[in-house]
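Protein chains in written order, with UniProt numbering: chain R, 1 to 392; chain P, 1 to 309.
Glycine residues also receive a C-beta, built at the ideal position from the N, C-alpha and C atoms.
What you are looking at is a predicted structure, and each value in this text was computed from that prediction instead of being measured.
Shown next, in structure tokens, is the structure this report addresses.
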Amino acid sequence: MSAPLSSGQLVRLVAAREISTRIRDRTFIASSVLMIVLILGVLVFQVVVNSGEDTSRVGVVGDPGQVGAALEAQGEALDLDVVVVRFDTDDEARAAVETEDVDGALVGGAADPELVVRDPDTTLEAVVSGAVGAVALGDALAQAGIDPSDLPQVTVTALDGDSEADTQRTVVAVVGIVVLYSLLILFAQFVAQGVVEEKSSRVVELLLATMRPWQLLAGKILGLGVLGLGQIAVIAAIGIGGALAFDVVDLPGELVGTVLWLLFWFVLGYALFASLFAVAASLVSRQEDLGSVLTPASLVLVAGFIVAIQAASDPTGTLAVVTSYVPGLSPMVMPVRQAAGDVALWEVGVAVVLMLVAIALVIRLGGRVYSGALLRTSGKTKLREALRAGEV
Amino acid sequence: MLEFDGLHKSYGDNHVLEGVGFTVAPGSMFGFCGSNGAGKTTTMRIAMGLARADAGEVRWRGRPLDEEARRRIGYMPEERGLYPKMRVGEQLAYFARLHGMDAAAAARAAEEWSGRLGLAERRGDPVEKLSLGNQQRVQLAAALVSRPEVLILDEPFSGLDPVGVDALAEALLEQCRAGVPVVFSSHQLDLVERLCDSVGILARGRMVATGTVEELRRRESGRVLRVVVPDAGPGWAAALPGVRVVSEQAGDTLLELAGGTDDQQVLAAALRTGRVTHFGWREATLVELFREAVADPARQVAAREEVAA
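As structure tokens, this is what we get:
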């Protein structure tokens, strides 16, 4: 009836329990909903802000011809998308303004031009009067025998070529860091609470009669990690999908790249912080004592977050560059630097390797502390005692 | 056979176990007794791999227990433990799976055992919503759900009301009849006496007595004599050679006779005090055997000298 269980099967069983328990947990559901609402909120905010420079429909009587072209050109200069709508008579044009079919109408012909609007709109006024003036000027110049293209033209040279794209990626990275940081804290906290729950309810003794401490730890971290990665992936998908649907960003390729890097750094950051939190949590036996043992690891996380936000405004500063290599800080600082550009692949490689070394160290030493401390269910275990009692 | 062989364990300078060993045959129940802190829990934890013995080993069917063998042991720790927020049915199925059952078999076993222990209606409730008695039943179900080959239970009766005790006793006897060796520790010696085929008494890290209750009794029997002499003055038997007064209360006297002491001389001495309303050898209860066995030998000698003086 019972078959031998491999380590993999045990780890999977533990992970499956973590997922099925958490997915029904109120804190988890609430936090997921909150994150998604937050992301949607950011998107809607962007859409509302962008909608200020919405398109304006301008009615023109007769053949728009030069006036139409001039209106569109003026609109572009003033950051207003102008759509020219043609009407046959002045009355039709006025009626369309009344019914709000168009935002304004240019009536009275070329001799006596008049702009009809429902509410005064200075931007539209400027566009229309500029266009009419330009057409008139063009006509006058043509009559005088001067070709408008002979007039001096201003040439524009951009010194910082792709600054707008960088800014956009950095904004995405900062939003991503906020999500990444929140999820790291949340899921590492879940791991810690789970460890203490098992200790305080003493169920850990029953568990350890069937498996080794590292299998329990691995199952817990993997299970919650899969859930965390799933959640951040859903948020990323909603974010990217929404951003593209609402046309908030112009560079989908860059956006996807930044988000993928964020996912990658989430995995590394989670591996480190979940292990640290789990090991710290194994030292205490009551949820009330959790705060004090989690403080050091939490501070690293908070420091990383603050530095990352600072790095967004100064991605080439010494602080950002140095901290982007420091394990624990790198998962939050490096994506910001990467999004801002100017990071060589080898730099990312070094940060990743340092991070992996740190994870290996924490798992090795931490696993020993964890196994030494798990069965000491009275009060708080000292780190050194746990290290000595743990399995090598 | 489940064999505990020469277990030694110390925590620093504290020698908890100094050569604990006993054997439990399949289909028999072994009562593990000892004062608080005698080392019962440590012995059981070593068997479950939760503590490492400094020396000695625990064998099942002639082979040292390893992880695979432990998966076939049902265990109830002294510190009860279940996931408080997990539902009864799911929890039992989870433990069944940790013991190697597949998902379908685990679900069936969880349903069966929750039903058999009277928890059928509570399957969907989280454990923390259950009364303490019912939580204890879930704990037992968790130990039994994987159809273990061996049961090791640390204080399974503590905290149960008499009805719960009977239900648990019945469940354990049933396991025994099915050929499972059962080891349990308990302070309720009357229960141990009633249920167990054999008993082990642990004191100061050593087994001071093992065997059936009958054997222990035979070893001690013939030594405690109850004499009721209503008219006798206090201390009437103190001066008799080879006799130790165990207790004396208004003439109702318990005497311990050293080997070779003639009980007829004690009777003669009793008759000299007046009427003798009772004179007979007394069957020691397990409680007395226990007291005798765990008493500190140094103190016991001192007590004897005091009485003799």
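Could you check what DSSP says for residue i in three-state terms: helix, strand or coil?
i	result
P/M207	strand
R/R26	helix
R/G194	helix
P/L196	The sequence given here has Cys at residue 196 of chain P, not Leu. Residue state, collapsed to three classes: coil.
P/P126	strand
P/D66	coil
R/A389	helix
R/A105	strand
R/E125	helix
R/Y370	helix
R/L78	coil
P/M101	coil
P/A293	helix
R/F246	coil
R/V44	helix
residue 310 of chain P	In the structure as shown, chain P begins at 1 and stops at 309. Residue 310 of chain P is therefore absent and cannot be evaluated.
R/I146	coil
R/D289	helix
Please name the residue or residues paired with residue i in a DSSP beta bridge.
i	result
P/K9	P/L17
P/D55	Checking the displayed sequence, the identity of residue 55 of chain P turns out to be Ala instead of Asp. Bridge partners of P/A55: P/H8.
P/D252	P/V228 and P/Q249
P/T23	P/E3
R/S56	R/V82
P/V243	P/L257
P/R87	P/P126
P/F279	P/V227
R/S182	DSSP output for R/S182 lists no bridge partner at all.
P/S185	P/F32
P/L153	P/M76 and P/F184
R/E114	R/V107
R/F87	R/V61
P/L202	P/G34 and P/M207
P/W60	P/L2 and P/R63
Kindly list, in the order they appear in chain P, the residues whose Cβ is closer than 7 Å to that of residue i.
i	result
R/R17	Y94
residue 393 of chain R	Residue 393 of chain R lies beyond the stretch modelled for chain R, which goes from 1 to 392, so this question has no answer here.
R/T21	M86
R/L255	Result: empty, since nearest Cβ-Cβ is about 40 Å, beyond 7 Å.
R/L216	Going along chain P, no residue has its Cβ under 7 Å from R/L216, so there is no contact; the nearest lies around 10 Å.
Name the chain R residues whose beta carbon is nearer than 8 Å to that of residue i?
i	result
P/P84	E197 and S201
P/L50	E205, L208, A209 and L375
P/A142	L206
P/R70	A209 and T210
So residue i contacts chain P; which residues on that side make the cut at Cβ distance below 9 Å?
i	result
R/T323	The contacting residues do not exist; R/T323 stays about 39 Å from chain P at best.
R/L13	Y94, R97 and L98
R/L227	Correct list: empty, because the minimum Cβ distance to chain P is about 17 Å.
R/L283	Within chain P, no residue comes near R/L283; the closest Cβ sits about 18 Å away, beyond 9 Å.
residue 396 of chain R	This structure cannot settle anything about residue 396 of chain R, because the visible part of chain R is limited to 1 through 392.
Pull up the distance between the alpha-carbon of residue i and that of residue j, whole angstroms please.
i	j	result
R/V83	R/A243	25 Å
P/V150	P/A169	16 Å
R/R86	R/G65	10 Å
P/R217	P/D197	13 Å
R/S329	R/S32	The question names Ser, but residue 329 of chain R is Leu in the sequence shown. Each residue's Cα considered, the two are about 24 Å apart.
P/E68	R/T210	9 Å
R/D101	R/T123	18 Å
P/R282	P/L255	10 Å
P/L191	P/A104	37 Å
R/A218	R/R22	16 Å
R/A233	R/S324	23 Å
P/S114	P/E292	41 Å
R/L387	R/L222	23 Å
R/L283	P/K40	25 Å
P/V138	R/L40	45 Å
R/I363	R/G176	27 Å
R/L374	R/K199	7 Å
P/A209	P/R61	24 Å
R/V47	R/D79	16 Å
R/E98	R/L260	50 Å
- Message: Any contact between the segment 83–98 of chain P and the segment 111–125 of chain P? By contact I mean 3 or more CB pairs, one from each, below 8 Å.
- Response: yes
- Take every Cβ of the segment 56–75 of chain P, pair it with every Cβ of the segment 146–161 of chain P, and state whether three or more of those distances are shorter than 8 Å. yes
- Are there three or more Cβ pairs, one per stretch, closer than 8 Å when the segment 189–208 of chain R is compared with the segment 289–299 of chain R? yes
- Item | Touching by the beta-carbon criterion (3+ pairs, under 8 Å), the segment 220–239 of chain P and the segment 176–193 of chain P | no
- Query: Does the pairing of the segment 19–27 of chain P with the segment 346–356 of chain R give three or more beta-carbon distances under 8 Å?
  - Reply: no
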